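Numbered per the numbering used here, the sequence shown spans residues 1 to 186.
Backbone N, C-alpha and C define an ideal beta-carbon position, used for all residues, glycine too.
Here the structure is a predicted model, which means the values were calculated and not measured.
These notes are about the structure you will find just below.
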Amino acid sequence: MIEKNNEKNNSKGGVIPEWAEKVVIRPAANIDLKELEWEGEFANFRKVYAEVFDRMQKGFSIMWVADLLSWGIIGQVFVQLVSKSAELADGHHRAYVHSYRVRPEYRHAGVGSRLMHTAEADLQKRGYSEVCLNVAKNNPLARRIYDHLGYQVISKNSGKWWYYDQYNELQYVNEPSWRMLKKINT
Ligand SMILES: CC(C)(COP(=O)(O)OP(=O)(O)OC[C@H]1O[C@@H](n2cnc3c(N)ncnc32)[C@H](O)[C@@H]1OP(=O)(O)O)[C@@H](O)C(=O)NCCC(=O)NCCS
1 MIEKNNEKNN
11 SKGGVIPEWA
21 EKVVIRPAAN
31 IDLKELEWEG
41 EFANFRKVYA
51 EVFDRMQKGF
61 SIMWVADLLS
71 WGIIGQVFVQ
81 LVSKSAELAD
91 GHHRAYVHSY
101 RVRPEYRHAG
111 VGSRLMHTAE
121 ADLQKRGYSE
131 VCLNVAKNNP
141 LARRIYDHLG
151 YQVISKNSGK
161 WWYYDQYNEL
171 QYVNEPSWRM
181 LKKINT
């Protein structure tokens, strides 16, 4: 692991650890998929991630990863451009952000914000005007960063969804959420 103790101040007076300068935000490659499982903690999403990667090849999604050079992937955010549910993503104006996370030991150093800024800037270039997401009601820390990034609550969402895990078993998720929206290109 890269030495995390060398730090310097940023322009706002916050402390930026030196390793943060070695983080590159880029689209995921096939070879990254295993690393997104975090030594097994997120192995249950193996099929989900493979599907998102397949959708990226077709131009329907983008998987952004934060790559700490000479260490590996420390964060991610995925963007759905097209969805069966147009209220999430309609392929032209509105895109949906999901699967947003940074490894705990690398949080609070601006990596999460950089991931979101990169995703939003890319959407702006593509002509999108709105980004939406769901945040669990029991996740105030994530809600705070979304507030900070300029997202506003527009509705409630049941947060009920399902997926097939790595054993091809159906898993149900029940996570009452807020639907948040940010206007870009304004
Ligand atoms: C949400 C998440 C991705 C944010 O990642 P992160 O890398 O910690 O994000 P940042 O460092 O950009 O910002 C986090 C906070 O640190 C602050 N921060 C940013 N740079 C900083 C620095 N150099 N020094 C100290 N604090 C800093 C930010 O201001 C922000 O605080 P705020 O919310 O009060 O404004 C991360 O907390 C996470 O993975 N959480 C678990 C998964 C999750 O809940 N995902 C969201 C699902 S909806």
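* **Residue span of the alpha helix (DSSP H) that contains residue 182, given as start and end** => As a first step, residue 182 must be located in the sequence shown, where it is residue number 182. Taken as a continuous stretch (DSSP letters only), residue 182 belongs to no alpha helix (DSSP H), being part of the beta strand (DSSP E) at 177-183.
Self-check item: Option in 159, 25, 132 and 179 with minimal Cα separation from residue 63
Solution: Numbered from its first residue, the sequence shown carries residue 63 at position 63. The shortest C-alpha separation from residue 63 is found at 25.
Q.
For a test of the three-state rule: what should DSSP assign to residue 147, helix, strand or coil?
A. The count along the sequence shown starts at 1 and reaches residue 147 at position 147. Three-state result, residue 147: helix.
Which residues share a DSSP beta bridge with residue 95?
Looking up residue 95 in the sequence shown gives position 95. Bridge partners of residue 95: 131.
Could you spell out the range, first to last residue, of the alpha helix (DSSP H) harbouring residue 113?
Counting from 1 along the sequence shown, the entry for residue 113 is found at position 113. Note, residue 113: alpha helix (DSSP H), 111-125.
Chain-order list of residues whose beta-carbon lies under 7 Å from that of residue 137 (same chain, five-residue window excluded): Numbered from 1 along the sequence shown, position 137 holds the residue referred to as residue 137. Contacts found: 176, 177 and 178.
- Can the beta-carbon of residue 23 be found less than 8 Å from the beta-carbon of residue 111? Translated into the one-based positions of the sequence shown, residue 23 becomes position 23. Translated into the one-based positions of the sequence shown, residue 111 becomes position 111. Yes, these two residues count as a Cβ contact at 8 Å.
Check your understanding: According to DSSP, what are the bridge partners of residue 63?
Key -> In the sequence shown, counting from the first residue as 1, residue 63 sits at position 63. Looking at the DSSP assignment, residue 63 forms a beta bridge with 78.
ask   = Under three-state DSSP, which class holds residue 90?
value = As a first step, residue 90 is located in the sequence shown; it is residue number 90 there, counting from the start. Looking at residue 90 - three-state DSSP - the assignment turns out to be strand.
In the DSSP assignment, what are the bridge partners of residue 73?
Working through the sequence shown from its first residue, we reach residue 73 at position 73. Note: residue 73 sits in a beta bridge opposite 67.
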